[in-house]
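There are 2 protein chains.
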Amino acid sequence: MTKYFRKKNEIAVNDYIEGIVKGDRVILAQAITLVESNAKRHFEKGQQIIEALLQRENSSIRIGITGVPGAGKSTFIDAFGTYLCDNGYRIAVLAVDPSSEVSKGSIMGDKTRMERLAKNPRAFIRPSPSGGNLGGVNRKTRETIILCEAAGFDVILVETMGVGQGEFVVRNMVDFFILLVLTGAGDELQTMKKGIMELPDLVVVNKADGDNLSKAKKAMHEYNTLLHFLKPYTDGWTTKAVTASAIKDSGIENIWKLVYQFVEQTKLSQVFEKRRKDQQRDWLHQFLKQELYQSFYHHPIVREKLSHYENAIINGNKSVAASALELLDLFRNDKY
Amino acid sequence: MTKYFRKKNEIAVNDYIEGIVKGDRVILAQAITLVESNAKRHFEKGQQIIEALLQRENSSIRIGITGVPGAGKSTFIDAFGTYLCDNGYRIAVLAVDPSSEVSKGSIMGDKTRMERLAKNPRAFIRPSPSGGNLGGVNRKTRETIILCEAAGFDVILVETMGVGQGEFVVRNMVDFFILLVLTGAGDELQTMKKGIMELPDLVVVNKADGDNLSKAKKAMHEYNTLLHFLKPYTDGWTTKAVTASAIKDSGIENIWKLVYQFVEQTKLSQVFEKRRKDQQRDWLHQFLKQELYQSFYHHPIVREKLSHYENAIINGNKSVAASALELLDLFRNDKY
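Residue numbers (full-length UniProt numbering), protein chains in the order written: chain C, 1 to 336; chain X, 1 to 336.
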């Protein structure tokens, strides 16, 4: 009798694992939905699947892509991804966008804007996980990478919209990081976030076509001048700027050559392996810190009293150290 | 009878306050020692003094100074501070150095290297607070600034050795930030920390004298080219590079002119006032987060189990999310 009460859609952990390893896209998509769920039961099941798949060897390459609004990220990913598929790779495209609750529409729009890729049987496109803060999006995307790799995708492209701390989060989950820019380095950089120029392994001046070509070449030189002054993100690798046109499909092959060269070189020097390990360790500590913050900042007594203390400090009525210790005392005594 | 048992050195809170406001250097030095103490009783007394002094109006200028080793920070502070004293200002020189436990000697050495300033009755030099982590040093230096301002010092110079996160901490406690550099922008920047070039309000190419003059001018131009690409730290202010020679006392007056112009301009635009308020608020949150971390990371069960989880994660035996939640459970259940 009881079997009639069992939920029909309830797939067992082993079925998920088997399906993913076989490369079943429907099961993969369902597993991603599971790890994206905020429900406790789903979370536990998701972790069991993740832990079973962690052990599997794979030689994937994780590439992060960011850029100023209008730099042509979707068109670039469409061209770059199609080039990779044509060369025998299976690719997954994921997005990290902490503001996705608001802009869900535009993310779905991205999917339709990646016209060629969306139809390619070797490509898998997954929009940004919705809901939750950047920490939640971070976890969900990292776990989705693991699932996609277990399903046999060779290259994982992680796109970020450059909202909030998106670039820093994505930099910390990929092997290679591409910054897409447009012409006019000086003006453009003034509007970019602090520290962003020190993140990429490659700067791509996009839309280098038609009337824009000479301006793009000039911008490439300007970016190379700037990069000369900055410390490259990856030990032993010189970050440089190149031009490309996603619309004309030019420069795309060269970019893949550079990625490939980077991977060969960093695997030889063991920088590749070390980075992956460091990223895992960092992620653990980020996760821990975030949970600790949340338990404090979401606590009713802290939410109630915080602005009172902030104002007292700004008005010179209370010292910072004394205020902090009082707030911590209130938190600890109230909770336990 | 009991009065014979009262400790002779025990000064009352009000005596501290009165002495500091009068500008009594001995009392000021003792009050700084009090806020630097890690003992609970001293801490509480220190906070009472700080809170009484917070309310006092003052129009101090807080200037942070950092630079690569060998850039001549002490000589520069000696020349710059002497110039200010000669022009009627009273100045305090503080140091933030998270590694001061190790290098106490060199800090005391700095004091003797600031030869002219050490003898100047308008100057007050205080070495870096020793002991404790960067968070502790941070609190102690911020509170020392408040005490020095209440004692009538007009310009507070905060030096940092550029160790650990020193520059970022000091940037967040001053109005104006100076980066001292040497000749050869390209080579030098490669050895600097990521993000450092986006912190200063002024870059000073030091040692622009004798045979070095033309090289210094060239480095100034290179830094200005680079700064053109970067977003200035302060809204409405263009960070630029100038040359100076601390030994020849050249360029010093120009630097003070720039600081003065900055202060006038940012006070008019209210960026000055806003920054001070933001710094107070940020400090509260930094303090809170750090206390939360410490209670977690210093907890015996976390210290015991952390590396076990880290290894399990790196070896692919456990997921990050599941590990983090297990560790947090262990912490919470053990503690309460």
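Using N, Cα and C, we set each Cβ at its ideal position, and we do this for glycine too.
The Cβ atoms of V155 of chain X and L84 of chain X lie closer than 8 Å to each other. Around I17 of chain X, no beta-carbon contact reaches into chain C at under 7 Å, the shortest distance being about 14 Å. P127 of chain C has its alpha-carbon roughly 46 Å from the corresponding atom of L180 of chain X. Here the stretch 168 to 182 of chain C makes contact with the stretch 271 to 280 of chain C; the two share three or more CB pairs at distances below 8 Å.
Listed by position along chain X, the residues whose Cβ is nearer than 8 Å to that of F287 of chain C are V320, A321 and A324.
Distance between K274 of chain X and A324 of chain C, taken at the CA atoms: about 21 Å. Restricting attention to C:T234, C:N87, C:E310 and C:G64, the CA atom closest to the CA of D97 of chain C is found in C:G64. By the criterion of at least three beta-carbon pairs nearer than 8 Å, the stretch 114 to 122 of chain X is in contact with the stretch 72 to 86 of chain X. Here the stretch 197 to 206 of chain X lies against the stretch 233 to 248 of chain X, with 3 or more beta-carbon pairs under 8 Å apart. If you look at V155 of chain X, you'll find it in the beta strand (DSSP E) that goes V155 to T160.
Close to R139 of chain C, with beta-carbon spacing below 7 Å, are these residues of chain X in chain order: A321. Your pair E159 of chain C and K73 of chain C checks out as a contact, with CB atoms roughly 6 Å apart and the cut at 8 Å.
Between T234 of chain X and V170 of chain X, the C-beta spacing is not below 8 Å.
Chain X places a beta carbon closer than 8 Å to that of Q47 of chain C, counting this residue as a contact.
Contacts between R281 of chain X and chain C, judged by CB atoms closer than 8 Å, involve E310, I313 and I314 in chain order.
The stretch 248 to 255 of chain X makes no contact with the stretch 287 to 303 of chain C: fewer than 3 CB pairs, one atom from each, lie closer than 8 Å.
Sixteen is the threshold: when 16 or more other Cβ atoms of the shown chains lie within 10 Å of the Cβ of Y16 of chain C, as they do, the residue is buried. DSSP places R62 of chain C within a strand segment (E or B) once states are collapsed to three.
Contacts with chain X at 8 Å (Cβ-Cβ) include M192 of chain C.
The alpha-carbon of L258 of chain C is positioned some 10 Å away from that of E264 of chain C. As the crow flies, the alpha-carbon of A79 of chain X is around 8 Å from that of R116 of chain X. Around the Cβ of Q270 of chain X, a 10 Å sphere holds fewer than 16 other Cβ atoms; the residue is exposed. Taking CB atoms only, E36 of chain C has no neighbour in chain X less than 8 Å away. Taking a C-beta distance under 8 Å as the contact criterion, A31 of chain C and I49 of chain C qualify as a contact pair. By the 16-neighbour rule on beta-carbons within 10 angstroms, Y260 of chain C is exposed. Non-local C-beta neighbours of G135 of chain C in its own chain, meaning closer than 7 Å and more than five positions away in sequence, comprise Q290, ordered along the chain. Put simply, the backbone Cα of L28 of chain X is about 19 Å away from that of A39 of chain X. One Cα belongs to M114 of chain X, the other to A246 of chain C, and the distance between them is close to 59 Å. G46 of chain C and S59 of chain C have their C-alpha atoms some 23 Å from each other.
Membership of R25 of chain C in the alpha helix (DSSP H) is indicated by the continuous run R25 to E36.
Annotation: Cβ neighbours of F296 of chain X in chain C (cutoff 9 Å, chain order): L288, K289 and L292. Restricting attention to beta strand (DSSP E) runs no shorter than 3 residues, the stretch 224 to 311 of chain C encloses them at 240 to 243, ordered along the chain. Remark: C-beta atoms of I20 of chain X and A150 of chain X approach each other more closely than 8 Å.
At least 8 Å separates the beta-carbon of L53 of chain C from that of H42 of chain C. From the beta-carbon of G195 of chain C, the residues of chain X found nearer than 9 Å are K194, G195 and E198.
Counting the other CB atoms within 10 Å of its CB gives R139 of chain X a total of 16 or more, which places it among the buried residues.
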